[in-house]
Amino acid sequence: MKKTIVKEDYIKFIYKVLERKEKVSVSIIANEFEISYSSVSNMLKKLKELGWINYEPYKSIYLTKKGEKISSKIVSKHRLTEMFLVDVMGFKPTEVHQIAEEIEHINNPAFFNRMRKLIQNPIKDPHGSEIPKCDY
Numbered sequence: 003m004k005k006t007i008v009k010e011d012y013i014k015f016i017y018k019v020l021e022r023k024e025k026v027s028v029s030i031i032a033n034e035f036e037i038s039y040s041s042v043s044n045m046l047k048k049l050k051e052l053g054w055i056n057y058e059p060y061k062s063i064y065l066t067k068k069g070e071k072i073s074s075k076i077v078s079k080h081r082l083t084e085m086f087l088v089d090v091m092g093f094k095p096t097e098v099h100q101i102a103e104e105i106e107h108i109n110n111p112a113f114f115n116r117m118r119k120l121i122q123n124p125i126k127d128p129h130g131s132e133i134p135k136c137d138y
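Numbered by my numbering, the letters in the sequence shown go through residues 3 to 138 in order.
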């Protein structure tokens, strides 16, 4: 089963909910993505098959070590991109989220390492959220 943007969006959302110390459930995911519970359940089964999450129906959802590594990388790329867009390109913090949503799925470590170096390895994004440390 291959990695897709939708799968990455799911585990990124799970990561962010867990980061807030909240429980992750089918209903919270369904509400976020505005889709049916059955669609969420089907995707969660796929993510479990990939080894990215621990999932049992009617129980809280958690990231596995593998899922945590992948999701923290996606979140890191997103937040780093937002910081780059503000610091280097002069965007306002309110203008960068959608652009970062698209760029975070690029799989090119050199691109993100250069971006990180250009803005001197920031630890927070322009909204004050921590940029996870990771190897891209």
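The beta-carbon is built from N, C-alpha and C at its ideal position, and this holds for glycine as well.
With fewer than 16 neighbouring CB atoms inside 10 Å of its own CB, Val8 falls in the exposed class. Exposed is the label assigned to Ala112, since fewer than 16 other Cβ atoms lie within 10 Å of its Cβ. Taking the Cα positions, Lys75 is about 27 Å away from Ser38. Of the candidates Arg81, Ile16, Glu36 and Val19, Arg81 places its Cα closest to the Cα of Met117. A distance below 7 Å between beta-carbons, with the five flanking residues on each side excluded, links Phe93 to the following residues of its chain, in chain order: Leu87. Secondary structure within the region 57-105: not one fully enclosed beta strand (DSSP E) run of 3 or more consecutive residues is present. Residue environment analysis places Tyr17 among the buried positions, since at least 16 neighbouring C-beta atoms fall within 10 angstroms of its C-beta.
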